[in-house]
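Visitor:
2 protein chains.
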Amino acid sequence: MRALRIDTTDWTVRDEELRAERRHYGGRLLTSTIVAEEVEPLCHPLGAGNKLVIANGLFAGHASAPCSGRISVGCKSPLTGGIKEANTGGDVGCYLGRHGLRAIVLEGLPGEDAWKLLHLGGEGVRLLPADAYAGLNTYDTVAAIRRDLGEKATVLCIGRAGEQRMNAASIALTSIEGPPSRHAGRGGIGAVMGAKRVKAIVVDPVAGKGTPPADEATFSALCADFAKEVREARKILRDYGTANLVNIINELGGLATRNFTAGSFEHAEEISGEKLRELIDVRGGAHGRPCMPGCPIQCANRFVCADGTVVDDIEFESIVLLGSNLGIGNLDDLAKLERACDDIGLDTIEIGNALGVLMEAGVLEFGDGPGALGLLREVSEGTPLGRIVGAGAAVAAKAYGVRRAPTVKGQGMAAYDPRALKGMGVTYATSPMGADHTAGAAIPKRPGIGELELDTMDKQDKDLLSYDLQILTGALDALGVCMFTGPMVGPVQTWARILSAFTGEEWTFRRLLELADDMIQLELDFNRRAGFTRQHDRLPEHFLTEPLPPKGPVFDVAEGKLDGVTGQLRVEDRVREE
Amino acid sequence: MRALRIDTTDWTVRDEELRAERRHYGGRLLTSTIVAEEVEPLCHPLGAGNKLVIANGLFAGHASAPCSGRISVGCKSPLTGGIKEANTGGDVGCYLGRHGLRAIVLEGLPGEDAWKLLHLGGEGVRLLPADAYAGLNTYDTVAAIRRDLGEKATVLCIGRAGEQRMNAASIALTSIEGPPSRHAGRGGIGAVMGAKRVKAIVVDPVAGKGTPPADEATFSALCADFAKEVREARKILRDYGTANLVNIINELGGLATRNFTAGSFEHAEEISGEKLRELIDVRGGAHGRPCMPGCPIQCANRFVCADGTVVDDIEFESIVLLGSNLGIGNLDDLAKLERACDDIGLDTIEIGNALGVLMEAGVLEFGDGPGALGLLREVSEGTPLGRIVGAGAAVAAKAYGVRRAPTVKGQGMAAYDPRALKGMGVTYATSPMGADHTAGAAIPKRPGIGELELDTMDKQDKDLLSYDLQILTGALDALGVCMFTGPMVGPVQTWARILSAFTGEEWTFRRLLELADDMIQLELDFNRRAGFTRQHDRLPEHFLTEPLPPKGPVFDVAEGKLDGVTGQLRVEDRVREE
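Chain order of the listed sequences is A and B.
Just so you know, we're using the working numbering here: the first sequence kicks off at 50 and counts up by one.
Just so you know, we're using the working numbering here: the second sequence kicks off at 50 and counts up by one.
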């Protein structure tokens, strides 16, 4: 497989073979390996020394391998100052794989302000002028690009947030359904793309399958069985989307509410997965949609607001951070916030955190949906207040002297209050990515998803649970496949068998986990070289001291347990044998 | 000597004797000792766990001891996240000493929004309601307090910046000449006072002398001789103020210019000490004024702008950061910025850094004095842009995606570009205080100030020079006396002799330096416990890679040398014997 290197200093393009020892590296494993090896940890994230690495998964191009078209984007994060990987679905990864690419690396820094676009199409690899798209948000960018380069083009791009190098800027990818509704959201990676003055990467769809499997028959059979299994196990995601969690987490008393000052929300029912489905059924829209070719899970949806605004996909995290966390108790208001974030190219989680902090500061009232939407317009326009919102929760808290900033390593927390979900709290605290739920999602058992049945309030062994999940999830991330295939023992064992058939090498469960563990250790080492210590693996003080209503827990996992997670435990001591 | 403890949670006041082992602790030594012992390094700087320690010097009250009325203010810094001490002159320290106090400690966090004022007067210690002063800037606050509590009251207070808990908020102290023109500026200490809802501390002047010296005759004789010596040696400060350095540092090619993108300024002559003196002589105003009782140096001034605006004291750092660093080449414009900072209660250095970053971002043009003054009004009003300015340079750079933030540990640099003054660069990098020139000011020889004759561009031994100066300055800070008495061997030896006569114990030069070294090690240890590592003892990348016009130096002191400064060198290996 090949990687494209774009030196933005002189806009040269180098097409290179991946090193032999990296032939089985995909997704986060490839981005983190390249960043850890090639980026000086003390460089400025927006400077010439940082690199933006866009990598697809090992099986990208094979629509038969379930959910294998994820794209990982890695760099030194402008938000956290540490290493970052954010991944998402959409249709770009599949076609990048069919173009024979495993990665695109943006390097250097242009001396001039002109914007460029990278086009992978019938004419080969081309760098095109993109000033015509500058200033457009993602929906208009994609529409304009499709007008110019073909209606079927798949697109990875930034909106005005990325152009303005904001810490909360995401990178948008088109969904198989068309719109730029899939976002590699976290860590300000869109700002790094903006600093490199690359507005978009456009990949024409092509037929084919990517890297041929070593044992095609076994690979196909395993994939077909697994796709069927995953489809059945994840029925609830097809029916209600990730929003099925709203009522569950609210019941648990851990739903981020009003800047994390409460764990349940009086209007939770009104923003639940069930309500979402009900309104979709009544108003039109869609549920159970795939975001990439061949996805058997199909958790995506399309929501139509009462005023006719169409919102492409509403996820659980966005519902909570833009809903209960802002005291907003209706889907119409929060869906418009979600749509604005998608358009401007913003991480909904970070923005929800930033707005929560500003509501606590009194800049606007909790519950003021139209006011929040107005602030997002200011982000797009780059007004001073928009700049504060776009810089994320930690900066917003500094600007307004707010003590309760729900951040770790400068990154805002996801929807789960760590006082009520202590395993998630350990992940927030210790993941090299900052407060990131996807790095090791210790959530309770969900109907049809299963396996983990936990007392999430209890601190017992939550350090071990978090690290198990960090490694299991890391294995999925390293393959570049969707987390919803399951960061659990069974599914990862299946992925190891699929990997064996694909590569012709023997990949045991243990070997795959060791690869993931090595990846996480590499990330932690980068962070240490960037100046991170065990003191950065802590939750903010108020989560330890202020009990969370209504159930009253505090985060009480001992500091020593947190140190153990990232510093000392290794996979050989932890994982269960096959 | 006594310390007052104010628990703002319930507004109780405790009057306690200093522990015996701290009887010789003053100034920074006392603030850093209390903060290091009593403040949890991972607490939120604006939370209940932080303490604001206000300490005067050992000799406070004795006007005969030259420049001994300094006030140190210490806490965990909202700006850097590390330990902080900022000190200044004015007349409060002297009278605090005469009230028998060595320190005032503000603890806890009030549950309500009401403002309080601490009054030390004939009625004893009183906590008074201060809502009537809320919303006033420092000049109006002092005027109102004097109206209510007596025209002679000396005052330590915050302006609207501190009330709004801004990272760049200073604490203002009245000068012996009346106005609140002396500022403990750095690190956002005013925000901590604002979080505690203490608007002002008012100290009525009383007669007396503070702690009686053990050997009064020797103490008085030594002080009288030293005052005479200092007065003669520092004549240039009386004639031109600290502004005498403008032409010298400009000539050297190290004068912070346009957000540290150049080291000399084409209008340097227009903002020089010589020009300042010329305009004072022509327009009226004053030079050679003391800020505290009995100061023999008298570096302060009063400047009258062409439009009649009176500015109480213009210092070198303010001239450079609010002048050349903003491309502003006339004293009238920058003096008004200085006056606005004094009034709002802002650190002129941090604000100059923040405005420089915003000018680089294009928010306003370099050289736009009236525009900058407008932004300071926005700081006072707390508009979103004002909040960005008031949050300091690092936050401003994050909000606007600016790569060139001239900060270390989140604190903006002083007037000296570290590429041209490498010893100062080592101090910026390694001081526990962040980029702080006063922590170890490796400046070249100045006429009449003397001793250090250096090639400041040369990196040779600048690590050793910086640490010598950090310790020598630390000794002055630990006594609570003015740096301008000289962070040099001779003056510190004299202070050791004065200290011996004062305490009746034998204080050698070495013993005094060891005390200072211990203090710095304590501060470094606090920072380590707060998560600081050697990676935080680095200058921003661009100072290492972008040569500074016109002479072209980069900062090239090896990383290992920086590690040595704070980690390994101890006074016993370093200082010259008496």
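For every residue, glycine included, the Cβ atom is placed at its ideal position computed from N, Cα and C.
Given the structure is predicted, the values throughout are model-derived calculations rather than measurements.
Closest Cβ-Cβ distance between B:A305 and chain A: below 7 angstroms?
Guide: In the second sequence, the residue the question calls residue 305 of chain B occupies position 256. Not closer than 7 angstroms to any Cβ of chain A, the Cβ of B:A305 fails to qualify, so no.
Visitor: Please classify A:R426 as buried or exposed, where buried requires at least 16 neighbouring CB atoms within 10 angstroms.
Guide: Position 377 of the first sequence, counting from 1, holds the residue named residue 426 of chain A. Looking at its Cβ environment, which holds fewer than 16 other Cβ atoms inside 10 Å, A:R426 is exposed.
Visitor: Closer than 7 angstroms, CB to CB, is A:P496 near chain B or not?
Guide: The sequence position of residue 496 of chain A within the first sequence is 447, counting from 1. Residue confidence is low: A:P496 scores 44 on pLDDT, short of 50, so the model does not pin down where it sits. Its coordinate-derived value is still stated next. So, not an interface residue.
Visitor: Are the CB atoms of A:T137 and A:H73 nearer to each other than 7 angstroms?
Guide: The residue you call residue 137 of chain A lines up with position 88 of the first sequence. The residue you call residue 73 of chain A lines up with position 24 of the first sequence. No, Cβ-Cβ distance for A:T137 and A:H73 is not below 7 angstroms.
Visitor: With a 10 Å radius around its C-beta and 16 neighbouring C-beta atoms as the bar for buried, classify B:I320 as buried or exposed.
Guide: By one-based count along the second sequence, residue 320 of chain B stands at place 271. When all chains shown are included, B:I320 counts as buried.
Visitor: Identify the residues that DSSP records as bridge partners of A:R351: which are they?
Guide: For the purposes of this step, residue 351 of chain A is taken as residue 302 along the first sequence, with counting starting at 1. For A:R351, which the question treats as bridged, DSSP gives the partners A:A335, A:D361.
Visitor: Could you check whether the region 373–381 of chain A touches the region 162–178 of chain A, counting it as contact only if at least three pairs of C-beta atoms, one from each stretch, sit closer than 8 angstroms?
Guide: Verdict: no, contact absent.
Visitor: What in chain A is Cβ-close to B:C344, meaning under 9 angstroms?
Guide: The residue given as residue 344 of chain B occupies position 295 in the second sequence. Within chain A, no residue comes near B:C344; the closest Cβ sits about 35 angstroms away, beyond 9 angstroms.
Visitor: Which runs of the alpha helix (DSSP H) spanning at least 4 residues fall entirely within the region 259–313 of chain A, listed in chain order?
Guide: Complete alpha helix (DSSP H) runs here, min 4: 265–282, 284–289, 294–301.
Visitor: Find the residues of chain A that neighbour B:M242, judging by a C-beta separation of less than 8 angstroms, and give them in chain order.
Guide: Taking the first residue of the second sequence as 1, we reach residue 242 of chain B at position 193. Within chain A, no residue comes near B:M242; the closest Cβ sits about 12 angstroms away, beyond 8 angstroms.
Visitor: Please give me, in chain order, every unbroken run of the beta strand (DSSP E) with length at least 3 that falls completely inside the region 536–566 of chain B.
Guide: You should have found no qualifying run.
Visitor: Name the DSSP beta bridge partners of A:S121, please?
Guide: Taking the first residue of the first sequence as 1, we reach residue 121 of chain A at position 72. Answer is A:A104, A:N136.
Visitor: Mind checking if B:E590 is an interface residue toward chain A, Cβ cutoff 7 angstroms exclusive?
Guide: Position 541 of the second sequence holds residue 590 of chain B. For B:E590, the answer is yes, since a Cβ of chain A falls inside 7 angstroms of its Cβ.
Visitor: Considering only residues of the region 180–223 of chain B, which uninterrupted beta strand (DSSP E) runs meet the minimum length of 3 residues and lie entirely inside it, listed in chain order?
Guide: List check, beta strand (DSSP E) in window: 203–206, 220–222.
Visitor: Can you list, in chain order, the residues of its chain whose CB lies under 6 angstroms from that of A:G483, leaving out five sequence neighbours each side?
Guide: On the first sequence, position 434 is the one that residue 483 of chain A refers to. T129, V457, K458, Q460.
Visitor: Please tell me whether B:G499 has its Cβ less than 7 angstroms away from any Cβ of chain A.
Guide: Position 450 of the second sequence, counting from 1, holds the residue named residue 499 of chain B. In this prediction, B:G499 has a pLDDT of 46, which is less than 50 and means its spatial position is unreliable; nothing more can be read from the coordinates.
Visitor: Could you confirm whether any beta carbon from chain B is found closer than 7 angstroms to the beta carbon of A:L95?
Guide: Here residue 95 of chain A refers to the residue found at position 46 when the first sequence is read from its first residue. A:L95 counts as touching chain B.
Visitor: Is there a Cβ of chain B sitting closer than 7 angstroms to that of A:L91, yes or no?
Guide: Locating residue 91 of chain A in the first sequence gives position 42, where the first residue counts as 1. By this cut-off, A:L91 is an interface position.
Visitor: Could one say the Cβ of A:V428 lies closer than 7 angstroms to chain B's Cβ atoms, at least one of them?
Guide: Stepping through the first sequence from its first residue, residue 428 of chain A is reached at position 379. No, its Cβ sits nowhere closer than 7 angstroms to a Cβ of chain B.
Visitor: From which residue to which residue does the beta strand (DSSP E) around A:D64 run?
Guide: As a working note, residue 64 of chain A is residue 15 in the first sequence. Residues 61–66.
Visitor: Could you give the uninterrupted runs of the alpha helix (DSSP H) lying entirely in the region 569–624 of chain B, keeping only those of 4 residues or more?
Guide: As far as the region 569–624 of chain B is concerned, its whole alpha helix (DSSP H) runs of at least 4 residues are 590–594, 608–616, 620–623.
Visitor: Short check: CB of A:I400 to CB of A:A217, under 7 angstroms?
Guide: Taking the first residue of the first sequence as 1, we reach residue 400 of chain A at position 351. Taking the first residue of the first sequence as 1, we reach residue 217 of chain A at position 168. In this structure, A:A217 lies closer than 7 angstroms to A:I400 by Cβ.
Visitor: Quick one: grab the DSSP three-state call for A:Y74.
Guide: Here residue 74 of chain A corresponds to residue number 25 of the first sequence, with the count starting at 1. Correct three-state label for A:Y74: coil.
Visitor: Would A:F365 and A:L294 qualify as a contact pair, given that the criterion is a beta-carbon distance under 7 angstroms?
Guide: Mapped onto the first sequence, residue 365 of chain A falls at position 316. Mapped onto the first sequence, residue 294 of chain A falls at position 245. In contact: A:F365 and A:L294 (Cβ atoms closer than 7 angstroms).
Visitor: Checking contacts by CB at 7 angstroms: is B:T57 closer than that to chain A?
Guide: Position 8 of the second sequence holds residue 57 of chain B. Answer no: the Cβ-Cβ gap between B:T57 and chain A never drops below 7 angstroms.
Visitor: Quick check on the burial criterion: 16 or more other C-beta atoms within 10 angstroms. Buried or exposed for A:A240?
Guide: Locating residue 240 of chain A in the first sequence gives position 191, where the first residue counts as 1. Counting Cβ neighbours within 10 Å, A:A240 comes out buried, since at least 16 surround it.
Visitor: Any idea what DSSP makes of B:P419, helix, strand or coil?
Guide: For this step, residue 419 of chain B is matched to residue 370 along the second sequence. Reduced to three states, the DSSP call for B:P419 is helix.
Visitor: Rounding to the nearest angstrom, what Cα-Cα distance links B:P94 and A:A448 in this structure?
Guide: For the purposes of this step, residue 94 of chain B is taken as residue 45 along the second sequence, with counting starting at 1. For the purposes of this step, residue 448 of chain A is taken as residue 399 along the first sequence, with counting starting at 1. Their backbone Cα atoms lie some 14 angstroms apart in a straight line.
Visitor: Report yes if the C-beta distance between A:G208 and A:N186 is below 7 angstroms; otherwise report no.
Guide: Along the first sequence, read from residue 1 onward, the residue named residue 208 of chain A stands at position 159. Along the first sequence, read from residue 1 onward, the residue named residue 186 of chain A stands at position 137. Yes, these two residues count as a Cβ contact at 7 angstroms.
Visitor: Checking the sheet assignment: what are the DSSP bridge partners for B:D56?
Guide: On the second sequence, position 7 is the one that residue 56 of chain B refers to. B:D56 is bridged to B:T61, B:E156.
Visitor: DSSP state of A:Q460, grouped into three classes?
Guide: Counted from its first residue, the first sequence places residue 460 of chain A at position 411. Strand.
Visitor: Taking CB distances under 7 angstroms as the criterion, tell me whether B:H585 reaches chain A.
Guide: Counted from its first residue, the second sequence places residue 585 of chain B at position 536. Closer than 7 angstroms: yes.
Visitor: Check distances from the C-beta atoms of the region 211–230 of chain A to those of chain B and list, in chain order, the residues that come in under 7 angstroms.
Guide: Residues Q213, R214, M215, N216.
Visitor: Please compile the residues from chain B whose C-beta is within a distance smaller than 8 angstroms of the C-beta of A:I437.
Guide: For the purposes of this step, residue 437 of chain A is taken as the residue at position 388 of the first sequence. Chain B residues near A:I437: P433, R436, I437, A448.
Visitor: With three or more beta-carbon pairs closer than 8 angstroms as the criterion, would you say the region 271–283 of chain A touches the region 244–256 of chain A?
Guide: Too few Cβ pairs lie closer than 8 angstroms, so no.
Visitor: Is B:R235 close to chain A? Criterion is C-beta to C-beta, closer than 7 angstroms.
Guide: Start at 1 with the first residue of the second sequence, and residue 235 of chain B comes out as number 186. Taking Cβ atoms only, chain A never reaches closer than 7 angstroms to B:R235, which makes this a no.
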